[in-house]
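Chemist: The opening residue of the sequence shown carries number 9 in my numbering; numbering runs sequentially from there.
A virtual CB, placed ideally from N, CA and C, is assigned to each residue, including glycine.
Everything numeric in this text was worked out from a predicted model, so none of it was measured.
Sharing a structure with you now.
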Amino acid sequence: MRQTNKKRPGEVRDAIVDYLQTRPTGATVQQIKSAVYERLGDVAPSSIRSYLRLNTPTLFARTERAQYALTGFQEPARQRPVSPGKANTPFQFGDALLLHDDCLNWLRNREPSSIHAVVTDPPYGLFEYSDEQQEKLRNGKGGVWRIPPSFDGAKRSPLPRFTVLTASDLRRLEEFFVDWARLLVPVLVPGANVVVASNPLLSHVVSGALARAGLERRGEIVRLVMTMRGGDRPKHAHNEFNMVSVMPRSMWEPWLVFRKPIEGRVQDNLRKWKTGGFRRPSADKPFGDVIASSPTKKQERALAPHPSLKPQTFLRQIVRGVLPLGEGVLLDPFAGSGSTLAAANAIGYKSIGIERDARYFELARSAIPRLAHAKVGSAATKRDKSSLSSHRSSPLPPCGQLSA
Ligand SMILES: C[S@@+](CC[C@H](N)C(=O)[O-])C[C@H]1O[C@@H](n2cnc3c(N)ncnc32)[C@H](O)[C@@H]1O
Numbered sequence: 009m010r011q012t013n014k015k016r017p018g019e020v021r022d023a024i025v026d027y028l029q030t031r032p033t034g035a036t037v038q039q040i041k042s043a044v045y046e047r048l049g050d051v052a053p054s055s056i057r058s059y060l061r062l063n064t065p066t067l068f069a070r071t072e073r074a075q076y077a078l079t080g081f082q083e084p085a086r087q088r089p090v091s092p093g094k095a096n097t098p099f100q101f102g103d104a105l106l107l108h109d110d111c112l113n114w115l116r117n118r119e120p121s122s123i124h125a126v127v128t129d130p131p132y133g134l135f136e137y138s139d140e141q142q143e144k145l146r147n148g149k150g151g152v153w154r155i156p157p158s159f160d161g162a163k164r165s166p167l168p169r170f171t172v173l174t175a176s177d178l179r180r181l182e183e184f185f186v187d188w189a190r191l192l193v194p195v196l197v198p199g200a201n202v203v204v205a206s207n208p209l210l211s212h213v214v215s216g217a218l219a220r221a222g223l224e225r226r227g228e229i230v231r232l233v234m235t236m237r238g239g240d241r242p243k244h245a246h247n248e249f250n251m252v253s254v255m256p257r258s259m260w261e262p263w264l265v266f267r268k269p270i271e272g273r274v275q276d277n278l279r280k281w282k283t284g285g286f287r288r289p290s291a292d293k294p295f296g297d298v299i300a301s302s303p304t305k306k307q308e309r310a311l312a313p314h315p316s317l318k319p320q321t322f323l324r325q326i327v328r329g330v331l332p333l334g335e336g337v338l339l340d341p342f343a344g345s346g347s348t349l350a351a352a353n354a355i356g357y358k359s360i361g362i363e364r365d366a367r368y369f370e371l372a373r374s375a376i377p378r379l380a381h382a383k384v385g386s387a388a389t390k391r392d393k394s395s396l397s398s399h400r401s402s403p404l405p406p407c408g409q410l411s412a
């Protein structure tokens with residue numbers, strides 16, 4: 009007979025509740041059993057079934073056949089899915105195609121093995137791009153977005169506040185990225201690079217999720233940039249503790265590097281799928297993992313006023329690097345203003361972007377051509393300058409500049 013450990017009263021129930029908090033649409037008994045097993049080790053399956061039965065409908069609700077959810081548990085504020093009849097018509101600019109859709113829907117229907125690289129900047133928390141939080145941002149009141157204190161008279165852009173995420177928010181975030189990456193993997197060709205913008209507070213969660221979904225971790229690209237996070241003295245005690253920073257002032261941003269496992273050797277994969285490595289800036293210079301950057305410039309933000317706009321100089325270096333032979337299709341499933349597509353266009357790559365928010369989709373239609381034509385320092389262009397991917401770390405920009 010199978011041995012199971014005796015559990016404290018309530019322990020199994022708490023594990024079920026804990027798991028179902030991350031699954032607002034419910035889960036099957038089998039999924040619940042595996043989640044409880046992950047949290048508590050071996051638990052008799054019959055005790056899980058009886059906990060569910062005994063506590064339904066007080067604590068749990070049956071959603072569909074063999075699906076349970078927490079009673080009264082509110083699905084986190086989400087955007088309404090884009091219904092096919094309501095979606096804006098696709099926007100094409102050169103080799104860039106922008107679609108108004110939810111990327112999870114789109115990935116479900118995408119042809120397998122048809123994407124050669126991903127560069128994306130997803131929502132870090134699940135809430136900052138929900139209808140509710142976007143409304144608060146647009147009204148300039150409350151929510152996860154905050155305006156960092158001004159410095160030297162410089163006005164700052166709103167930033168999402170990730171230190172407010174609770175343990176269960178983090179679990180929900182992880183589940184989201186596992187689900188997302190599980191949908192992504194089949195549409196990638198073997199060896200496809202997946203580069204995901206993150207931040208030092210959450211990168212471990214996203215990284216664990218992508219690995220769980222079957223992608224291989226290949227390192228991180230460090231974007232050297234002075235952000236407005238951290239560094240402050242204790243709130244309401246600035247003078248008393250004027251030599252203290254509560255958290256380190258963040259001066260870099262991690263861009264996680266993953267890859268779909270290759271078939272055979274790298275050279276075989278390169279021949280068959282055109283993927284499996286990074287494009288070198290020049291024959292004598294490898295693609296490196298530290299890129300000096302600066303916050304997105306005012307001029308670019310005027311062309312594409314999205315709260316998380318990333319700079320073209322940086323994006324063009326990453327985008328160019330992820331297709332080792334310069335062939336294939338690049339995807340940005342969280343396209344925002346379309347800045348990744350604009351970078352791909354400037355390099356001469358084919359790209360597809362997905363954006364769910366109708367207002368950002370509209371914004372991207374005008375921003376992509378403008379950003380693609382923007383002159384941006386020494387970044388790559390179709391002429392393929394060899395000054396790309398400079399690994400020299402230039403002095404950090406003064407902290408009076410805006411960050412994005
Ligand atoms: C961090 S922003 C990306 C900004 C982009 N890097 C730029 O430079 O403009 C993330 C974007 O993903 C969009 N988004 C969030 N969830 C999505 C989903 N499930 N499918 C498609 N887009 C989504 C949000 O509306 C937001 O515009």
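#1: Based on the DSSP secondary-structure assignment, which residues constitute the bridge partners of I376?
#2: How would you write the range of the alpha helix (DSSP H) that A43 sits in, first residue to last?
#3: If the criterion is Cβ atoms closer than 7 Å, does the pair S385 and T283 meet it?
#4: Output the distance between the C-alpha atoms of R241 and A382, rounded to the nearest integer angstrom.
#5: Kindly indicate which three-state DSSP category S54 falls into: helix, strand or coil?
#6: Along the alpha helix (DSSP H) that carries I326, what are the first and last residues, could you check?
#7: I'd like to confirm something about L317: is its beta-carbon nearer than 6 Å to some heavy atom of ligand 1, or not?
#8: Based on DSSP bridge pairs, tell me the residues matched to W263.
#9: From the DSSP secondary-structure annotation, give me the bridge partner or partners of K383.
#10: Any heavy atom of ligand 1 closer than 6 Å to the CB of P131?
#11: Excluding the 5 residues preceding and the 5 following N277 in the sequence, name in chain order all residues of the same chain whose CB lies nearer than 8 Å to its CB.
#12: Do you know whose CA, among A205, K318, L210, W281, lies nearest L181's CA?
#13: Given this structure, state the Cα-to-Cα distance separating M251 from S301, to the nearest angstrom.
#14: With DSSP collapsed to three states, give me the class of L106.
#15: For R237 versus S258, is the C-beta distance shorter than 7 Å?
#16: Using a Cβ-Cβ cut-off of 6 Å (strictly less than) and excluding sequence neighbours within five positions of K41, which residues of its own chain qualify?
Modeler: With the given structure in hand:
#1: Under DSSP, I376 takes part in no beta bridge, so it has no partner.
#2: Taken as a continuous stretch (DSSP letters only), the alpha helix (DSSP H) holding A43 covers 37 to 48.
#3: Per the sequence shown, the amino acid found at residue 385 is Gly instead of Ser. Contact: no.
#4: When rounded, the distance between both Cα atoms is 38 Å.
#5: Looking at S54 - three-state DSSP - the assignment turns out to be helix.
#6: Counting along the chain, I326 sits inside the alpha helix (DSSP H) bounded by residues 320 to 330.
#7: Flag set: Cβ of L317 near ligand 1.
#8: The partner list for W263 (beta bridge, DSSP) reads A205, I229.
#9: Assignment of beta-bridge partners to K383 by DSSP yields no partner.
#10: At least one heavy atom of ligand 1 is nearer than 6 Å to the Cβ of P131, so yes.
#11: Within the same chain, N277 has close Cβ partners P198, G199, I270, E271, T283, G284.
#12: Nearest option by C-alpha distance: L210.
#13: Cα to Cα, the separation comes out at about 28 Å.
#14: Strand at L106.
#15: Yes, the pair counts as a contact, with Cβ atoms nearer than the cut-off.
#16: So the list reads P53, I56, once near-sequence residues are dropped.
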